[in-house]
Amino acid sequence: MDSTVDRIIKLLNQTSGRDKIYRSCQYGGKFVWWSLEQRQGHEEITKKLKLLETHLGTSRKLFRIANSISFLQAALKSLQKEDNVLVVLITLSKLNSALYLFFDHLIWAYRVGLVEVDAKYYSKLSNRFWLTTIFLNLSRDLYEFLLLLNDLSEIAKECGEPQNFNRLQKTTVHHPTNNNCNVNGISRRRVSWQSDVEIRPTYQLTPQNLLGIVWSDRKEVVLDTIRNLCDLFLPASSLGYVNLNPGQQGMCGLISSLIGLLGVWDSRYKL
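Just so we're aligned, residue 310 is where the sequence shown starts under our numbering, counting upward by one.
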(Lines of atoms letter the chains of each structure in order from A; the text may use other names.)
(Lines give C-alpha, C1' and ligand atoms only; values in the text may rest on other atoms or scores of the structure.)
Protein backbone atom coordinates (compact mmCIF):
# COMPACT_ATOMS: atom_id res chain seq x y z
CA MET A 310 0.00 0.00 0.00
CA ASP A 311 2.78 2.43 0.97
CA SER A 312 4.64 1.57 -2.23
CA THR A 313 1.58 2.36 -4.35
CA VAL A 314 1.04 5.67 -2.56
CA ASP A 315 4.71 6.56 -3.09
CA ARG A 316 4.42 5.81 -6.79
CA ILE A 317 1.27 7.93 -7.08
CA ILE A 318 3.02 10.83 -5.33
CA LYS A 319 6.04 10.41 -7.61
CA LEU A 320 3.74 10.37 -10.65
CA LEU A 321 1.98 13.57 -9.57
CA ASN A 322 5.31 15.27 -8.89
CA GLN A 323 6.38 14.76 -12.51
CA THR A 324 5.33 17.30 -15.13
CA SER A 325 4.90 14.53 -17.70
CA GLY A 326 2.75 12.53 -15.28
CA ARG A 327 0.40 15.43 -14.61
CA ASP A 328 0.24 16.24 -18.32
CA LYS A 329 -0.80 12.67 -19.16
CA ILE A 330 -3.54 12.84 -16.50
CA TYR A 331 -4.83 16.16 -17.86
CA ARG A 332 -4.66 14.80 -21.40
CA SER A 333 -6.64 11.70 -20.40
CA CYS A 334 -9.31 13.94 -18.83
CA GLN A 335 -9.32 16.21 -21.88
CA TYR A 336 -9.87 13.48 -24.45
CA GLY A 337 -11.98 11.35 -22.13
CA GLY A 338 -14.24 14.36 -21.59
CA LYS A 339 -14.43 14.88 -25.35
CA PHE A 340 -15.59 11.31 -25.86
CA VAL A 341 -18.17 11.59 -23.06
CA TRP A 342 -19.70 14.89 -24.24
CA TRP A 343 -19.93 13.58 -27.79
CA SER A 344 -21.69 10.44 -26.51
CA LEU A 345 -24.13 12.53 -24.45
CA GLU A 346 -24.73 14.84 -27.41
CA GLN A 347 -26.19 11.91 -29.33
CA ARG A 348 -29.01 11.74 -26.77
CA GLN A 349 -31.57 14.23 -25.59
CA GLY A 350 -31.72 15.93 -22.21
CA HIS A 351 -27.98 16.25 -21.47
CA GLU A 352 -27.38 19.76 -22.82
CA GLU A 353 -26.14 21.23 -19.54
CA ILE A 354 -23.57 18.54 -18.73
CA THR A 355 -22.47 18.48 -22.38
CA LYS A 356 -21.83 22.23 -22.28
CA LYS A 357 -19.77 21.86 -19.08
CA LEU A 358 -17.69 19.01 -20.51
CA LYS A 359 -16.98 20.98 -23.68
CA LEU A 360 -15.85 23.90 -21.54
CA LEU A 361 -13.65 21.57 -19.46
CA GLU A 362 -12.05 20.13 -22.60
CA THR A 363 -11.29 23.63 -23.91
CA HIS A 364 -9.76 24.81 -20.64
CA LEU A 365 -7.68 21.63 -20.24
CA GLY A 366 -6.35 22.02 -23.79
CA THR A 367 -5.37 25.64 -23.19
CA SER A 368 -3.88 24.84 -19.78
CA ARG A 369 -1.76 22.04 -21.18
CA LYS A 370 -0.30 24.47 -23.71
CA LEU A 371 0.75 26.69 -20.81
CA PHE A 372 2.20 23.79 -18.79
CA ARG A 373 4.31 22.71 -21.78
CA ILE A 374 6.00 26.09 -22.23
CA ALA A 375 9.79 25.61 -22.54
CA ASN A 376 9.32 21.89 -23.31
CA SER A 377 10.53 22.69 -26.83
CA ILE A 378 13.94 23.41 -25.27
CA SER A 379 13.87 19.99 -23.59
CA PHE A 380 13.22 18.35 -26.96
CA LEU A 381 16.16 20.21 -28.51
CA GLN A 382 18.35 18.90 -25.69
CA ALA A 383 16.99 15.38 -26.25
CA ALA A 384 17.82 15.71 -29.96
CA LEU A 385 21.45 16.47 -29.07
CA LYS A 386 21.60 13.47 -26.70
CA SER A 387 20.23 11.16 -29.39
CA LEU A 388 23.32 11.89 -31.52
CA GLN A 389 25.32 9.75 -29.08
CA LYS A 390 23.50 6.55 -30.04
CA GLU A 391 25.49 3.88 -31.88
CA ASP A 392 22.82 2.91 -34.39
CA ASN A 393 22.80 5.47 -37.22
CA VAL A 394 19.21 4.75 -38.20
CA LEU A 395 18.00 5.42 -34.67
CA VAL A 396 20.14 8.58 -34.57
CA VAL A 397 18.39 9.95 -37.66
CA LEU A 398 14.86 8.91 -36.65
CA ILE A 399 15.05 10.03 -33.02
CA THR A 400 16.88 13.30 -33.77
CA LEU A 401 14.40 14.31 -36.47
CA SER A 402 11.50 13.30 -34.22
CA LYS A 403 12.77 15.45 -31.34
CA LEU A 404 13.40 18.42 -33.64
CA ASN A 405 9.89 18.18 -35.09
CA SER A 406 8.46 17.92 -31.57
CA ALA A 407 10.34 21.07 -30.59
CA LEU A 408 8.92 22.96 -33.59
CA TYR A 409 5.43 21.59 -32.95
CA LEU A 410 5.53 22.83 -29.36
CA PHE A 411 7.06 26.19 -30.35
CA PHE A 412 4.09 27.00 -32.60
CA ASP A 413 1.77 25.51 -29.98
CA HIS A 414 3.16 28.06 -27.49
CA LEU A 415 2.48 30.80 -30.05
CA ILE A 416 -1.16 29.70 -30.32
CA TRP A 417 -1.48 29.80 -26.52
CA ALA A 418 -0.04 33.33 -26.46
CA TYR A 419 -2.66 34.34 -29.05
CA ARG A 420 -5.51 32.79 -27.06
CA VAL A 421 -4.62 34.70 -23.90
CA GLY A 422 -4.18 37.95 -25.84
CA LEU A 423 -0.40 38.35 -25.64
CA VAL A 424 0.24 38.41 -29.39
CA GLU A 425 -1.68 38.92 -32.62
CA VAL A 426 -0.97 36.19 -35.14
CA ASP A 427 -2.81 34.14 -37.76
CA ALA A 428 -3.92 31.41 -35.35
CA LYS A 429 -5.40 29.24 -38.10
CA TYR A 430 -2.16 29.23 -40.09
CA TYR A 431 0.06 28.45 -37.10
CA SER A 432 -2.36 25.80 -35.86
CA LYS A 433 -2.04 23.99 -39.19
CA LEU A 434 1.73 24.41 -39.11
CA SER A 435 1.88 23.00 -35.57
CA ASN A 436 -0.28 20.02 -36.55
CA ARG A 437 1.96 19.30 -39.55
CA PHE A 438 5.03 19.13 -37.32
CA TRP A 439 3.06 16.93 -34.89
CA LEU A 440 2.01 14.61 -37.70
CA THR A 441 5.60 14.38 -38.98
CA THR A 442 6.77 13.56 -35.45
CA ILE A 443 4.29 10.69 -35.24
CA PHE A 444 5.37 9.30 -38.63
CA LEU A 445 8.99 9.38 -37.47
CA ASN A 446 8.04 7.66 -34.20
CA LEU A 447 6.18 4.96 -36.12
CA SER A 448 9.22 4.52 -38.37
CA ARG A 449 11.31 3.98 -35.27
CA ASP A 450 8.80 1.43 -33.96
CA LEU A 451 8.96 -0.44 -37.25
CA TYR A 452 12.75 -0.36 -37.19
CA GLU A 453 12.79 -1.73 -33.64
CA PHE A 454 10.59 -4.63 -34.77
CA LEU A 455 12.85 -5.26 -37.77
CA LEU A 456 15.89 -5.32 -35.49
CA LEU A 457 14.21 -7.92 -33.34
CA LEU A 458 13.22 -10.08 -36.31
CA ASN A 459 16.44 -9.76 -38.31
CA ASP A 460 18.75 -10.27 -35.38
CA LEU A 461 16.78 -12.98 -33.60
CA SER A 462 19.03 -15.93 -34.47
CA GLU A 463 22.25 -13.85 -34.35
CA ILE A 464 21.41 -12.40 -30.95
CA ALA A 465 20.58 -15.87 -29.66
CA LYS A 466 23.98 -17.12 -30.84
CA GLU A 467 25.95 -14.22 -29.37
CA CYS A 468 24.18 -14.49 -26.04
CA GLY A 469 24.33 -18.23 -25.76
CA GLU A 470 20.63 -18.87 -26.38
CA PRO A 471 19.41 -22.03 -28.11
CA GLN A 472 19.27 -21.48 -31.87
CA ASN A 473 17.98 -24.81 -33.06
CA PHE A 474 14.26 -24.21 -33.26
CA ASN A 475 13.71 -27.48 -35.11
CA ARG A 476 13.33 -29.63 -32.04
CA LEU A 477 11.97 -33.13 -32.04
CA GLN A 478 10.06 -32.33 -28.88
CA LYS A 479 8.32 -29.26 -27.65
CA THR A 480 10.80 -27.18 -25.69
CA THR A 481 10.51 -24.31 -23.26
CA VAL A 482 13.15 -21.59 -23.30
CA HIS A 483 13.67 -19.71 -20.03
CA HIS A 484 14.74 -16.13 -19.49
CA PRO A 485 18.44 -15.88 -18.57
CA THR A 486 19.80 -13.17 -16.31
CA ASN A 487 22.05 -11.31 -18.74
CA ASN A 488 20.03 -8.89 -20.85
CA ASN A 489 22.66 -7.29 -23.11
CA CYS A 490 24.88 -8.44 -25.93
CA ASN A 491 26.94 -7.09 -28.81
CA VAL A 492 25.89 -7.82 -32.38
CA ASN A 493 27.86 -6.59 -35.39
CA GLY A 494 29.74 -4.19 -33.15
CA ILE A 495 26.56 -2.55 -31.85
CA SER A 496 25.33 -3.04 -28.31
CA ARG A 497 21.73 -4.18 -28.44
CA ARG A 498 19.07 -5.61 -26.23
CA ARG A 499 18.81 -9.26 -27.02
CA VAL A 500 15.78 -11.49 -27.03
CA SER A 501 15.07 -11.84 -23.33
CA TRP A 502 12.41 -14.57 -23.35
CA GLN A 503 10.91 -12.96 -20.26
CA SER A 504 8.05 -15.43 -20.27
CA ASP A 505 8.32 -19.09 -21.26
CA VAL A 506 8.07 -19.47 -25.02
CA GLU A 507 7.13 -22.76 -26.64
CA ILE A 508 9.30 -23.80 -29.57
CA ARG A 509 7.14 -26.13 -31.62
CA PRO A 510 8.57 -28.99 -33.70
CA THR A 511 9.25 -28.59 -37.46
CA TYR A 512 8.91 -24.79 -37.29
CA GLN A 513 11.72 -22.32 -36.97
CA LEU A 514 9.34 -19.67 -35.66
CA THR A 515 5.57 -19.99 -35.69
CA PRO A 516 3.42 -16.83 -35.76
CA GLN A 517 2.35 -17.67 -32.22
CA ASN A 518 5.96 -17.92 -31.05
CA LEU A 519 6.88 -14.74 -32.86
CA LEU A 520 4.03 -12.78 -31.28
CA GLY A 521 4.97 -14.21 -27.90
CA ILE A 522 8.60 -13.16 -28.32
CA VAL A 523 7.70 -9.65 -29.47
CA TRP A 524 5.26 -9.10 -26.61
CA SER A 525 7.48 -10.68 -23.97
CA ASP A 526 10.67 -8.93 -25.00
CA ARG A 527 9.50 -5.59 -26.39
CA LYS A 528 6.23 -4.65 -24.70
CA GLU A 529 7.31 -1.02 -24.77
CA VAL A 530 7.62 -1.06 -28.59
CA VAL A 531 4.18 -2.68 -29.01
CA LEU A 532 2.57 -0.12 -26.70
CA ASP A 533 4.44 2.76 -28.34
CA THR A 534 3.19 1.61 -31.75
CA ILE A 535 -0.42 1.52 -30.51
CA ARG A 536 -0.01 4.94 -28.91
CA ASN A 537 1.44 6.48 -32.09
CA LEU A 538 -1.25 4.90 -34.28
CA CYS A 539 -3.93 6.42 -32.05
CA ASP A 540 -2.20 9.80 -31.99
CA LEU A 541 -1.81 9.72 -35.78
CA PHE A 542 -5.53 10.37 -36.29
CA LEU A 543 -5.56 13.52 -34.14
CA PRO A 544 -3.41 15.89 -36.28
CA ALA A 545 -4.57 14.09 -39.44
CA SER A 546 -8.15 14.89 -38.48
CA SER A 547 -7.33 18.51 -37.63
CA LEU A 548 -5.64 18.91 -41.02
CA GLY A 549 -8.61 17.35 -42.83
CA TYR A 550 -6.75 14.25 -44.05
CA VAL A 551 -9.23 11.94 -42.29
CA ASN A 552 -12.79 12.55 -41.18
CA LEU A 553 -13.28 11.57 -37.53
CA ASN A 554 -16.12 12.71 -35.31
CA PRO A 555 -15.28 14.17 -31.87
CA GLY A 556 -16.09 10.87 -30.17
CA GLN A 557 -13.59 8.95 -32.29
CA GLN A 558 -10.97 11.64 -31.72
CA GLY A 559 -11.65 11.50 -27.99
CA MET A 560 -11.27 7.72 -27.88
CA CYS A 561 -7.99 7.80 -29.85
CA GLY A 562 -6.63 10.53 -27.57
CA LEU A 563 -7.76 8.72 -24.44
CA ILE A 564 -6.09 5.41 -25.43
CA SER A 565 -2.80 7.11 -26.35
CA SER A 566 -2.90 9.18 -23.14
CA LEU A 567 -3.43 6.12 -20.93
CA ILE A 568 -0.56 4.28 -22.63
CA GLY A 569 1.63 7.34 -22.10
CA LEU A 570 0.54 7.48 -18.47
CA LEU A 571 1.47 3.81 -18.06
CA GLY A 572 4.96 4.61 -19.37
CA VAL A 573 5.37 7.36 -16.77
CA TRP A 574 4.03 5.05 -14.03
CA ASP A 575 6.42 2.23 -14.97
CA SER A 576 9.46 2.97 -17.15
CA ARG A 577 9.49 -0.64 -18.42
CA TYR A 578 6.54 0.29 -20.64
CA LYS A 579 8.19 3.40 -22.08
CA LEU A 580 10.32 3.25 -25.21
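Using N, Cα and C, we set each Cβ at its ideal position, and we do this for glycine too. Source: prediction; values computed, not measured.
**Request:** Output the boundary residues of the alpha helix (DSSP H) element that contains R449.
**Result:** Unbroken alpha helix (DSSP H) run through R449: 428-459.
**Request:** Go through its chain and collect everything with a Cβ distance to E362's Cβ below 6 Å, but skip five positions before and after it.
**Result:** Taken in chain order, the residues that qualify are Q335, G338, K339.
**Asked** Can the beta-carbon of S387 be found less than 8 Å from the beta-carbon of I378?
**Response** Between S387 and I378, the C-beta spacing is not below 8 Å.
**Prompt:** Since E529 is in the alpha helix (DSSP H), which residue starts that stretch and which ends it?
**Reply:** First-last of the alpha helix (DSSP H) with E529: 528-547.
**Asked** So what's A383 in DSSP terms, helix, strand or just coil?
**Response** In this structure, A383 counts as helix in the three-state DSSP scheme.
**Message:** Quick check on T534: buried or exposed, where buried means 16 or more other Cβ atoms within 10 Å of its Cβ?
**Reply:** Of the residues assessed, T534 falls on the buried side of the cut-off, its CB having 16 or more other CB atoms within 10 angstroms.
**Item:** Sequence-distant residues of the same chain with beta carbon closer than 6 Å to N436, five excluded per side
**Value:** Taken in chain order, the residues that qualify are P544, S547, L548.
**Cβ shell of V396 (< 8 Å), same chain only, five flanking positions each side left out** = Counting only Cβ-Cβ distances below 8 Å, and skipping sequence neighbours, we find S387, L388, K390.
**Asked** Using a Cβ-Cβ cut-off of 8 Å (strictly less than) and excluding sequence neighbours within five positions of K528, which residues of its own chain qualify?
**Response** Shown here for K528: same chain residues with a beta carbon closer than 8 Å to its own, the five before and five after excluded, namely R577, Y578 in chain order.
**Asked** Does the Cβ of D315 have 16 or more other Cβ atoms within 10 Å, making it buried, or fewer, making it exposed?
**Response** D315 is exposed by the Cβ-count criterion.
**Residue span of the alpha helix (DSSP H) that contains A375, given as start and end** = The continuous stretches of alpha helix (DSSP H) do not include A375, and DSSP gives it neither H nor E.
**Asked** What do you get for A375, buried or exposed, if any count of 16 or more other CB atoms within 10 angstroms of its CB means buried?
**Response** Label assigned to A375: exposed.
**Of the listed residues V523, Y430, N393, nearest to D413 (C-alpha basis)** = Each of V523, Y430, N393 was checked against the Cα of D413, and the nearest Cα belongs to Y430.
**Asked** So L401 is in the alpha helix (DSSP H); what residue range does that whole segment cover?
**Response** Here the alpha helix (DSSP H) through L401 covers 393-420.
**Request:** For my contact list, S333 and V573 are in at a C-beta cut-off of 8 Å; report their separation, rounded to the angstrom.
**Result:** At roughly 11 Å, the Cβ-Cβ gap does not stay under 8 Å, so S333 and V573 are not in contact.
**Item:** Candidates P555, I568, T367, S312: closest to T355 by CA position
**Value:** T355 has its Cα closest to that of P555, out of P555, I568, T367, S312.
**Prompt:** For G350, which three-state DSSP category applies?
**Reply:** Assigned with DSSP and collapsed to three states, G350 falls in coil, not helix or strand.
**Request:** Let me know the secondary structure DSSP gives L553 once reduced to three states.
**Result:** Looking at L553 - three-state DSSP - the assignment turns out to be coil, as it is neither helix nor strand.
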